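Engineer: Quick one: structure below, then a few questions.
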Amino acid sequence: MKLTIFGTGYVGLVTGTCLAEMGNQVLCMDVDADKIARLERGEIPIFEPGLEPLVKRNHEAGRLKFTTDAAAAVAHGEVIFIAVGTPPDEDGSADLKYVLAVARSIGEHLQRYAVVVDKSTVPVGTADRVRAEIAAVLQGRGSDVAFDVVSNPEFLKEGDAVNDCMKPDRIIVGASSPRAIEILKNLYAPFNRNHERIVVMDERSAELTKYAANAMLATKISFMNEMANIAERVGADVEMVRHGIGADPRIGYHFIYPGTGYGGSCFPKDVQALEHTARQYDYDPRLLGAVEAVNRDQKRKLFDLIGRHFGGELRGKTIALWGLAFKPNTDDMREAPSRVLMEALWKAGARVRAFDPQARGETARIYAARQDLVLCEDPWSALEGVDALAVVTEWKVFRSPDFGRIKAALKTPVIFDGRNLYDPAMVEAAGLGYYGIGRGRSVSAGREGR
97 MKLTIFGTGY VGLVTGTCLA EMGNQVLCMD VDADKIARLE RGEIPIFEPG LEPLVKRNHE
157 AGRLKFTTDA AAAVAHGEVI FIAVGTPPDE DGSADLKYVL AVARSIGEHL QRYAVVVDKS
217 TVPVGTADRV RAEIAAVLQG RGSDVAFDVV SNPEFLKEGD AVNDCMKPDR IIVGASSPRA
277 IEILKNLYAP FNRNHERIVV MDERSAELTK YAANAMLATK ISFMNEMANI AERVGADVEM
337 VRHGIGADPR IGYHFIYPGT GYGGSCFPKD VQALEHTARQ YDYDPRLLGA VEAVNRDQKR
397 KLFDLIGRHF GGELRGKTIA LWGLAFKPNT DDMREAPSRV LMEALWKAGA RVRAFDPQAR
457 GETARIYAAR QDLVLCEDPW SALEGVDALA VVTEWKVFRS PDFGRIKAAL KTPVIFDGRN
517 LYDPAMVEAA GLGYYGIGRG RSVSAGREGR
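In my numbering, the protein residues as written are 97 to 546.
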């Protein structure tokens, strides 16, 4: 099929590339001329494992092309995907200005039937708004060209997005038009060979499915962090609790890892947007509010532990951070817990030396040339001259370090393990103090002041 993707960000570029890999003719459109020029040169603006070779291969084969010409993009596509950003507005709602701008562009240039697909994460009712926007522009042109609007939300995990796109758990198609449903089924047939993955529903149910999925995963994370905070106070080890409850198949092991809170471009924004939608319909979403509140507090957990260890005297201290991105296998710093930690340390008068395998460039862009931040080329140079180590992101490179070398490098031999990567007994055997998340009083309380 001839496909058009409006937006070459995370969702648009991954989706377009994977669809091109299946033999479709894909044209990606973006208003950012510099980004399009970079893509034409084979430069990928985001880090996502496995994406770069796919983009280059399909671009060289002529199946994946890029443009800034909206008219050409609309003319190309039998199916037109809207995959632009929906940033949070001041009130927490999703800002649809980019989505609706694309809808107007489609209305201005559409000359024949097309299926318009909402791929962006959008509030319930957006398909209706996109449909109305396109129809209004067409009416203004005096055109009666037919079109359909479908909600087809993405379920891509950063760090594993290519695999998620090529081998989806489910493909949600929210549509009321039999013609559009058949076109989407044909488009996704190559992804649907082993077993039926397509779930057809109405547009509003599809839109809510995306928000409900992210809200459920965020709830599991905040619940486990709540359990960790209780475990710390009652003298239990949340890692043992995690294994105990994860063995129950009704609960499972996914998304029950305690830590420093969730971040990224999806969970924080989507939970807030769903809260806003609920209130628009006169419902108070108390659970969603609690999920967000727990997460906000959890992002300060490492700073609180560091402050407790040093008796609140952090001015003049230097803290090493291992990990900056909000999760491994990405360079995404949006809503990252590391940002909350660093900004709190700076406010307290401390300095930061940090290493991340991928996010150093993005961190430098955000914080420019701060004198109290040094971005290092490897984990060990981050430890030079520092008072303590905080592990913030669970990159594999941090999982089995030389604890003796860490102790030798630190002025104060102590690790603040924000992802519970390490066995406390092993760390202590190396002569290091250890603070984890919810590891119980037997682990944390006796170390203050070491």
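Virtual Cβ for every residue (Gly too), placed ideally from N, Cα, C.
No experiment lies behind these values; they were computed from the predicted model shown.
1. With a 10 Å radius around its C-beta and 16 neighbouring C-beta atoms as the bar for buried, classify N391 as buried or exposed.
2. Using only alpha-carbon positions, find the residue among F451, G146, A116, E335 that is nearest to Y284.
3. Express the C-alpha separation of N120 and E174 in angstroms, rounding to a whole number.
4. Which parts of the stretch 173-218 are runs of the alpha helix (DSSP H), unbroken and 4 residues or longer, counting only runs that do not cross its ends?
5. Would you check if the distance between the CB atom of V296 and the CB atom of V269 is smaller than 8 angstroms?
6. Starting from G529, follow its DSSP beta bridges and name the residues at the other end.
7. Over what stretch of residues does the alpha helix (DSSP H) that includes R153 continue unbroken?
8. So for G445, helix, strand or coil by DSSP?
9. When you compare each of R346, D400, F451, A308 to G53 by their alpha carbons, which one comes out closest?
10. Going by DSSP, which residues form a beta bridge with T414?
11. Straight-line CA distance for Y209 to E335?
12. Would DSSP call C114 helix, strand or coil?
13. Among Y106, T222, E439, which has the Cα closest to the Cα of L304?
14. Exposed or buried, what is G103 when buried is set at 16 or more other beta-carbons lying within 10 Å of its beta-carbon?
15. Please classify I347: is it buried, with 16 or more other beta-carbons within 10 angstroms of its beta-carbon, or exposed?
16. With a floor of 4 residues, list each alpha helix (DSSP H) that falls wholly inside the stretch 252-281, ordered by position along the chain.
17. Between which two residues does the beta strand (DSSP E) harbouring I326 extend?
18. Could you check what DSSP says for V436 in three-state terms: helix, strand or coil?
19. Please name the residue or residues paired with S247 in a DSSP beta bridge.
20. Check F422 in the structure and name its three-state DSSP category.
21. Run through the DSSP bridge pairs and tell me what F499 is partnered with.
22. Tell me whether F162 sits in a helix, a strand or coil according to DSSP, three-state version.
23. Judging by CA-CA distance, which residue of D130, A169, P453, R375 is the nearest neighbour of T426?
24. DSSP on M97, reduced to helix/strand/coil?
25. Any contact between the stretch 399-412 and the stretch 322-335? By contact I mean 3 or more CB pairs, one from each, below 8 angstroms.
26. Does the distance from the CB of V487 to the CB of L528 come in under 8 angstroms?
27. Of all the options E278, G532, G481, which has the alpha carbon lying nearest to the alpha carbon of T508?
28. Where does the unbroken beta strand (DSSP E) through M336 begin, and where does it stop?
29. Can you tell me whether F102 is helix, strand or coil according to DSSP?
30. Kindly indicate which three-state DSSP category I347 falls into: helix, strand or coil?
31. Is I326 near the ligand PLP, in the sense that its beta carbon is under 7 angstroms from a heavy atom of that ligand?
32. Going by alpha carbons, who is nearest to W491 out of K423, G445, D474, S201?
33. Under 8 angstroms between the Cβ atoms of L479 and I511?
34. Would you please state the rounded distance, in angstroms, between the beta carbons of P497 and K365? I believe it to be under 8 angstroms.
35. Quick check: G534 and P274, are their CB atoms within less than 8 angstroms of each other?
36. What whole-angstrom Cβ distance do V127 and I178 have, given they're in contact under 8 angstroms?
Structural biologist: Here's the rundown:
1. Under this definition N391 is a buried residue.
2. Comparing Cα-Cα distances from Y284 to each of F451, G146, A116, E335, the minimum goes to A116.
3. Rounded to the nearest angstrom, the two C-alpha atoms are 11 angstroms apart.
4. Correct list: 193-205.
5. With respect to the 8 angstroms criterion, V296 and V269 are classified as neighbours on the basis of their beta carbons.
6. V510.
7. DSSP places R153 in the uninterrupted alpha helix (DSSP H) bounded by 147-156.
8. Coil at G445, not helix or strand.
9. For the chain, the structure presents residues 97 to 546; residue 53 sits outside this window and is missing.
10. Bridge partners of T414 according to DSSP: R447.
11. In this model, Y209 and E335 are separated by some 55 angstroms (Cα to Cα).
12. Here C114 sits in helix by DSSP.
13. Scanning Y106, T222, E439 for the CA closest to the CA of L304 turns up T222.
14. Classification of G103: buried, given that the 10 Å Cβ count is 16 or more.
15. It counts as exposed.
16. You should have 257-262.
17. Counting along the chain, I326 falls outside any beta strand (DSSP E), though it belongs to the alpha helix (DSSP H) covering 299-330.
18. In the three-state reduction of the DSSP assignment, V436 falls in the helix class.
19. In the DSSP output, where bridge partners are listed per residue, S247 has D214, G270.
20. In this structure, F422 counts as coil in the three-state DSSP scheme.
21. Bridge partners of F499: none, in fact.
22. It is a strand residue.
23. Residue P453 is the option with its Cα nearest to T426.
24. In the three-state scheme derived from DSSP, where H, G and I count as helix and E and B as strand, M97 is classed as coil.
25. Segment contact: the stretch 399-412 against the stretch 322-335, fewer than three CB-CB distances shorter than 8 angstroms; contact not assigned.
26. It is not a contact, given that the beta carbons lie outside the stated cut-off.
27. Among E278, G532, G481, the Cα nearest to that of T508 belongs to G481.
28. No beta strand (DSSP E) contains M336, which is instead part of the alpha helix (DSSP H) from 334-342.
29. In the displayed model, F102 falls within a strand according to three-state DSSP.
30. Coil, per DSSP.
31. Looking at this structure, you won't find the ligand PLP or any other ligand, since it has none at all.
32. Of the candidates K423, G445, D474, S201, the one whose C-alpha sits nearest the C-alpha of W491 is K423.
33. With respect to I511, L479 sits apart: the two C-beta atoms are not nearer than 8 angstroms.
34. That belief does not hold up - the Cβ atoms of P497 and K365 are roughly 34 angstroms apart, past 8 angstroms.
35. For the pair G534 and P274, the CB atoms are not nearer than the 8 angstroms cut-off.
36. That belief does not hold up - the Cβ atoms of V127 and I178 are roughly 13 angstroms apart, past 8 angstroms.
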